[in-house]
Amino acid sequence: MKSSLWHHLDLVARTLWPFTLTVLLLILGIVPLQIPHLAPVSPGFALISVYYWALHRPTILPAPAVFLVGVLNDFFGDAPVGVGVLVLLIVYGIIVSQRRNFLGAPFALVWLGFAAVAAGAAFAAWVISSLLFGTVVDPRPAIFDCLLTVGLYPAVAHLFARAQRGLSRRD
Amino acid sequence: MKSHAGSMLRFASPLKAWSQRFTLALLIGASVALMLLDRADSIIIERTRAAVVDAISPILDVLSRPVSGAAEILENVGELANLREENARLREDRARLLQWQSVARELDAQNQALRELLNLVPDPRARFISARVIGNTAGPFVRSALVTAGYRDGARKGQAVMTGEGFAGRVSEVGRRSARILLLTDINSRIPVLVERTRERAVLAGDNTNSPHLLYLPPNSGTTPGDRIVTSGHGGIFPPGLPVGVVSSAGEDGVSVQPFVDWSRVEYVRLVDYELPGILLSPSGHRPD
Chain A
860 MKSSLWHHLD LVARTLWPFT LTVLLLILGI VPLQIPHLAP VSPGFALISV
910 YYWALHRPTI LPAPAVFLVG VLNDFFGDAP VGVGVLVLLI VYGIIVSQRR
960 NFLGAPFALV WLGFAAVAAG AAFAAWVISS LLFGTVVDPR PAIFDCLLTV
1010 GLYPAVAHLF ARAQRGLSRR D
Chain B
77 MKSHAGSMLR FASPLKAWSQ RFTLALLIGA SVALMLLDRA DSIIIERTRA
127 AVVDAISPIL DVLSRPVSGA AEILENVGEL ANLREENARL REDRARLLQW
177 QSVARELDAQ NQALRELLNL VPDPRARFIS ARVIGNTAGP FVRSALVTAG
227 YRDGARKGQA VMTGEGFAGR VSEVGRRSAR ILLLTDINSR IPVLVERTRE
277 RAVLAGDNTN SPHLLYLPPN SGTTPGDRIV TSGHGGIFPP GLPVGVVSSA
327 GEDGVSVQPF VDWSRVEYVR LVDYELPGIL LSPSGHRPD
């Protein structure tokens, strides 16, 4: 009886682990870095996380968790609530449906796929924000953010891969 | 037994895929609903957002300390490199400022005397609340920041936010122990200002770039690059005369302003609690919040 409770707790912790890691990264993303000229730039950790887990273990970051990550991201970032959530859910849906094509693909291809997704997401966010604000907003910060996010992908993916290995070892 | 399990799996997996797709569609619908709710009634969203940010503000507070420490060390190294130049410049500045000090003393005394003669109503007092910056925005289309002062410390929505250099923005959201500042460069920021030299009124509008522009300036205004921009105090929310920035370019396509505040190196801010009695009093005599 006791062991089954621990087993249960272990299972819960395991399912929550990628989500917790993502939320921690989101919090890290808004710490002021005080680097000149870099203040308005913020990497899209949420996008990296959703792409990675949708591709490698969609069961461990299910759609409701993606929704929650999106809401938190919009809350932290003072963005119009819902826009980021919508973009993340669409990315999640597309990647989960396409993940068979990526199975066994070299990392460079996965990274290229992420670059395409990040560019698409930045473009979508730019269009939706322009519509919401009723004016054409400056796209340059979005382009810069997108480049930074794509550049950070290998490092964050490595972190997630370690987390994932830790999970399967306990299986 | 094995084949039985296989057939179960064959039967169950489309069902599972279908339910997953249904969940995804439902959540996409929910996110659109959130968007509409945010547009229609932002009070609920605002409260929730403030509560969530409040909950993580202690974590941010701890995390931002070592970062600012590291930034300080880097800055110290940079300062050591041009100590000599800086020293010479400061000597020059000091000589010039001493002259200004005597001018200012004289003007202050004169001003005081003239005010007494005219029996002018004194400006309301402003109270300052100091707070640490613990978070920047996480998005390319907003310019805002989180600070450690909240409702319990006297932070209220609409207060002006200053740094040592000048006006930085206004408080846009207040939680119990944290508040969010809308920077003057944000696309939603509108600040009533004056061109200090010509006394012309205008509205400083952010556009997410580092140089906001002036709206509603009279068509033949004599505004030229180098003119100082200060808050006008119209609307009664901000004290008048807070330094905002200098005009960086003025031409056919509008007037843009270079703010005094360089947001990338701000660690502490002051919220200005400006008591304007009379106008903002509710019928019961209490200040509405």
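One line per chain: the protein sequences are A and B, in this order. Heads up: the first sequence begins at 860 in this note's numbering, then just goes up one per residue. Heads up: the second sequence begins at 77 in this note's numbering, then just goes up one per residue. Using N, Cα and C, we set each Cβ at its ideal position, and we do this for glycine too.
- When secondary structure is reduced to three states using DSSP, B/Ser-297 falls in the coil class, being assigned neither helix nor strand.
- At a Cβ-Cβ threshold of 9 Å, B/Val-218 and B/Gln-235 do not count as neighbours.
- Rounded to the nearest angstrom, the gap between the Cα atoms of A/Leu-892 and B/Leu-258 is 18 Å.
- What B/Asp-114 touches in chain A, judged by beta-carbon distance under 7 Å, is Pro-939, Val-940 and Gly-941, going in chain order.
- Spatial neighbours of B/Arg-346 in its own chain (CB-CB distance under 8 Å, excluding positions within 5 residues in sequence) are listed in chain order as Phe-204, Ile-205, Ser-206, Ala-207, Val-237, Met-238 and Thr-239.
- In the structure shown, the three-state DSSP call for A/His-867 is helix.
- When 8 Å is used as the limit between beta carbons, B/Arg-256 is near these residues of chain A: Asp-937, in chain order.
- By alpha-carbon distance to B/Leu-290, the top candidate from B/Ala-281, B/Gln-186 and B/Gly-309 is B/Ala-281.
- Listed by position along chain B, the residues whose Cβ is nearer than 7 Å to that of A/Phe-992 are Ile-263.
- Scanning the segment 908 to 956 of chain A for uninterrupted alpha helix (DSSP H) segments of 4 residues or longer gives 922 to 936, listed from N- to C-terminal end.
- Taking a 10 Å sphere around the C-beta of B/Val-250, we find 16 or more other C-beta atoms and assign the residue as buried.
- Residue state for B/Thr-307 is assigned as strand, using DSSP reduced to three classes.
- In this chain, the beta strand (DSSP E) harbouring B/Arg-203 covers 202 to 212.
- Taking a Cβ-Cβ threshold of 8 Å, the residues of chain A close to B/Ile-121 are Val-940, in chain order.
- Against chain A, the beta carbon of B/Arg-125 has neighbours under 7 Å at Phe-934, listed in chain order.
- Pairing A/Asp-1004 with A/Ala-974 gives a Cβ-Cβ distance that is not under 9 Å.
- The residue from A/Val-1015, A/His-1017, A/Gly-943 and A/Ile-886 with its alpha-carbon nearest to that of B/Val-128 is A/Ile-886.
- With a 10 Å radius around the Cβ and a threshold of 16 neighbouring Cβ atoms, A/Pro-902 comes out buried.
- In the structure shown, B/Ser-178 falls within a helical segment according to DSSP collapsed to helix, strand and coil.
- Chain-order list of chain A residues neighbouring B/Ile-132: Ile-886 and Phe-935, by C-beta distance under 8 Å.
- Cα atoms of B/Pro-301 and A/Leu-914: separation of roughly 53 Å, rounded to the nearest angstrom.
- For B/Thr-285, a Cβ of chain A is located within less than 9 Å of the residue's own Cβ.
- With respect to A/Val-928, A/Phe-878 sits close: the two C-beta atoms are nearer than 9 Å.
- For A/Phe-926, the neighbours in chain B by C-beta distance under 8 Å run, in chain order, Leu-103, Ala-106 and Ser-107.
- Residue pairing for B/Asp-349: DSSP places it in a beta bridge opposite B/Arg-203.
- Within the DSSP secondary-structure output, A/Ile-1002 pairs in no beta bridge.
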